[in-house]
Amino acid sequence: MPSGYSAAVADSARTVTPRLWRNSDFRRLWAGQTASQLGEQASLVILPLIAVLTLNVGGDELGVLRAVGQAPLLLLALFVGVWVDKWRTRTVMVLADLGRALALGGVAVAGLVGGLGLPALLAVAFAIGALSVFFDVAYQASLVRLVKRDQLLLGNSAIEGSRSAAQIGGPALGGMMTSLLSAPIAAASSALFFVVSFLSISRIRHRESIPEHPGGPQRIWRQIDEGLRFVVRDTSLRAVCLASAAFQLSFAAMMTTYLLFLPRELRLSGTAIGLALAATGPGALVGSLLAARLPSRLGYGAVLVAAAIIGDGVMLCVPALHGTPAATIPALIAINIVFGAFGQLVNVAIMAVRQAVTPDTMQGRVAATITFAGMGLTPLGSLLGGVLAEHLGIRTALLVTAAGMMLSPVLMALSPLAHLGPALPPPDTAHDQTH
């Protein structure tokens, strides 16, 4: 790489950074996203641990609980993409935060009146999952509308860094609250983070133009079809979909077996489980920092493939763990730090590529299409993980599902993504020319 080009990239990064953080609306989005992710990460640990430790559910039932929470990704994502392209993203995000706070408040009320059981957890898991689809698609579209193109990589690095910071505190808080407090109080405490996010994002002053709301069902389906066709036609986005689908299916199955493996095979307490899972956070913070510079120096393709191989491959070490908590907890922390760092590096780079090649008018639908193709398989993965744990044994199921995660870097290595250089690809303007 020519030294002049490297210097130009570095100078550009130094110029963009202060301009990005002087944007008060971006700071409010960043702060709200941090709080929202903290609440989500805590609830993702609290609900399964309540099911495992308090309700004594088996692997099949835990798989169903996780699948129900992930089902909205499959059922709603494509429709949410159309609506986000037509609505103000701030409105979508604040309503999603408010709804998730109320849903977790419902768990607290159910617990206080003695009605907290698996049916109540299933209902809350579905509600939180549905509202999270709205929030996640909206914040990704909102970032593109708030910052300039040359700020996308750093903006995504900061946003994903906030998610990483939430991953440090969220699982640990969720595990400790479930162990030390009653289930209702643990659920109510995690709801407070969504309230903080609501207050921060509601203060965003950027006025998006009031869009025309979707017409009849035929118009909505036509817009969904436009998003699908755009993703299928673009070779980079198509590769992102395939790699994401392979990863999310295997990761969801692995996490179901993982949440059984830690308390039942390694005999870890809720607090220890929370601390082990929280180790992903510091690693992800490192990954966010690396993502702000490595792709523009080494090339997006090389970074994506190498980071995916290392990050996914390290999870193959988990099924080999044996021994007392004093020996297994440090090993789990080290594994999760590596997984978090390189997984985050992949996430930030992938998101920047996706946003760069997508016209502004298509951001919501493209984000939703990729969410549908990738995350939509997570309910099946969660069910698969529960079935494998019941029939193969927890340790064997964990090994099989962790090995399945390696398909994602293989697909990226065989795709056009592997050949991307240090500059983001230009946007595909064909959509604007034909619509």
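Residue numbers 249 to 683, in my numbering, belong to the letters of the sequence shown in order.
We put the CB at the ideal spot given by N, CA and C, even for glycine.
Going by other Cβ atoms of all chains shown within 10 Å of its Cβ, with 16 needed for buried, is V605 buried or exposed? Burial call: buried.
Supposed close pair I583, C565 - CB separation, criterion 8 Å: Confirmed, about 5 Å.
In the DSSP assignment, find the alpha helix (DSSP H) that holds R512 and state where it starts and stops. Its alpha helix (DSSP H) spans residues T483 to R512.
Please name the residue, chosen from S291, G547 and A555, that lies closest to H667 on a Cα-to-Cα basis. For the set S291, G547 and A555, the Cα lying nearest the Cα of H667 is the one of G547.
I'd like to check one pair, V332 with V342: are the Cβ atoms closer than 8 Å? The Cβ atoms of V342 and V332 do not sit closer than 8 Å to each other.
Do you know whose CA, among L277, A386, I557 and V648, lies nearest Y506's CA? Relative to Y506, the option among L277, A386, I557 and V648 whose CA is nearest is V648.
Let me know the secondary structure DSSP gives P462 once reduced to three states. Because P462 sits at a pLDDT of 49, beneath the cut-off of 50, its placement in the model cannot be relied upon, and the following sentence gives the value as read from the coordinates. Of the three classes helix, strand and coil, the one that applies to P462 here is coil, per DSSP.
Simplified DSSP state of P432, which is helix, strand or coil: Residue state, collapsed to three classes: helix.
R393 - containing alpha helix (DSSP H), residue span: If you look at R393, you'll find it in the alpha helix (DSSP H) that goes L366 to L394.
Residues near A645 by beta carbon distance below 6 Å, same chain, minus five either side: Sequence-distant Cβ neighbours of A645 in its own chain, meaning closer than 6 Å and more than five residues away, are T505, L636 and A637.
Name the two residues that bound the continuous alpha helix (DSSP H) containing W278. For W278, the enclosing alpha helix (DSSP H) stretches over residues S272 to L297.
Given a threshold of 16 other Cβ atoms within 10 Å of its Cβ, counted over all protein chains shown, does N304 qualify as buried or as exposed? Answer is exposed; the Cβ neighbour count stays below 16.
Would you identify the three-state DSSP class for R267, choosing helix, strand or coil? Of the three classes helix, strand and coil, the one that applies to R267 here is helix, per DSSP.
Any C-beta of chain E under 8 Å from that of V392: Annotation note: the requested chain E is absent from the structure, which comprises a single protein chain.
Of the residues R267, G531, A373 and S450, the one placed nearest L295, counting alpha carbons only: The shortest C-alpha separation from L295 is found at A373.
Closer than 8 Å by C-beta to G353: which residues in its own chain qualify, once you throw out the five before and the five after it? Chain order, please. Cβ neighbours of G353 beyond the five flanking positions: A435, A436 and A439.
Give the range of the alpha helix (DSSP H) segment to which M599 is assigned. That run of the alpha helix (DSSP H) goes P573 to V605.
Can at least three beta-carbon pairs, one atom from the region 590-602 and one from the region 520-535, be found at a separation below 8 Å? Under the three-pair Cβ rule at 8 Å, the region 590-602 counts as touching the region 520-535.
Would you tell me roughly how many angstroms separate the C-alpha atoms of L508 and G317, rounded to the nearest one? Distance from the CA of L508 to the CA of G317, rounded to the nearest whole angstrom, comes to 17 Å.
Residue closest to R338, alpha-carbon to alpha-carbon, out of P511, A524, I452 and G531: Checking every option, the nearest Cα to that of R338 belongs to I452.
Skipping 5 residues on each side, what residues in its chain have a beta carbon closer than 8 Å to that of S380? These residues qualify, in order along the chain: E288, P320, A344 and R348.
CB-CB under 6 Å to S663, same chain, minus the five flanking residues each way: which ones, in chain order? A487, listed in sequence order.
Report the option in D473, I376, Q399 and P511 whose CA atom is closest to the CA atom of S672. Here the sequence assigns Leu to residue 672, which means Ser is not the residue at that position. Closest by C-alpha distance to L672, out of D473, I376, Q399 and P511, is Q399.
Skipping 5 residues on each side, what residues in its chain have a beta carbon closer than 6 Å to that of P696? Outside the displayed range of the chain (249 to 683) lies residue 696, so it cannot be described from this structure.
Hey, could you find the ends of the alpha helix (DSSP H) M623 is sitting in? No alpha helix (DSSP H) contains M623, which DSSP labels as neither H nor E.
Just verifying my parser: in three-state terms, what is the DSSP assignment at I558? Helix at I558.
Of the choices A283, A661, A389 and P573, whose alpha-carbon is the least far from that of V690? Since the first residue shown for the chain is 249 and the last is 683, residue 690 is missing from the structure and cannot be characterised.
Taking Cβ to Cβ, would you say V328 is nearer than 8 Å to A616? In this structure, V328 lies near A616, with their beta-carbon atoms less than 8 Å apart.
For the 8 Å Cβ check, are there 3 or more pairs between the region 621-633 and the region 490-504? Flag = yes, the region 621-633 and the region 490-504 touch.
Counting only the same chain and skipping the five closest in sequence on each side, list residues whose C-beta sits under 8 Å from that of G641. Within the same chain, G641 has no close Cβ partners at all.
Hey, how far is the Cα of I468 from the Cα of A621? Approximately 18 Å, taken between the alpha carbons.
Looking at the secondary structure, which residues open and close the alpha helix (DSSP H) in which M660 lies? Where M660 is concerned, the enclosing alpha helix (DSSP H) starts and stops at L655 to A661.
Taking C-beta to C-beta, are S630 and G518 nearer than 8 Å? No. Outside cutoff.
Per-residue burial, D482 [other beta carbons within 10 Å of its own, 16 or more giving buried]: With 16 or more neighbouring CB atoms inside 10 Å of its own CB, D482 falls in the buried class.
Any idea if K361 is buried or exposed, counting beta-carbon neighbours within 10 angstroms, 16 or more meaning buried? Checking the sequence, you will find Val at residue 361 rather than Lys. Around the beta carbon of V361, a 10 Å sphere encloses fewer than 16 other beta carbons of the protein chains shown; the residue is thus reported as exposed.
Range covered by the alpha helix (DSSP H) that runs through R341: Arg is not the amino acid found at residue 341; the sequence shown has Met there. Per DSSP, M341 belongs to the alpha helix (DSSP H) from T337 to L360.
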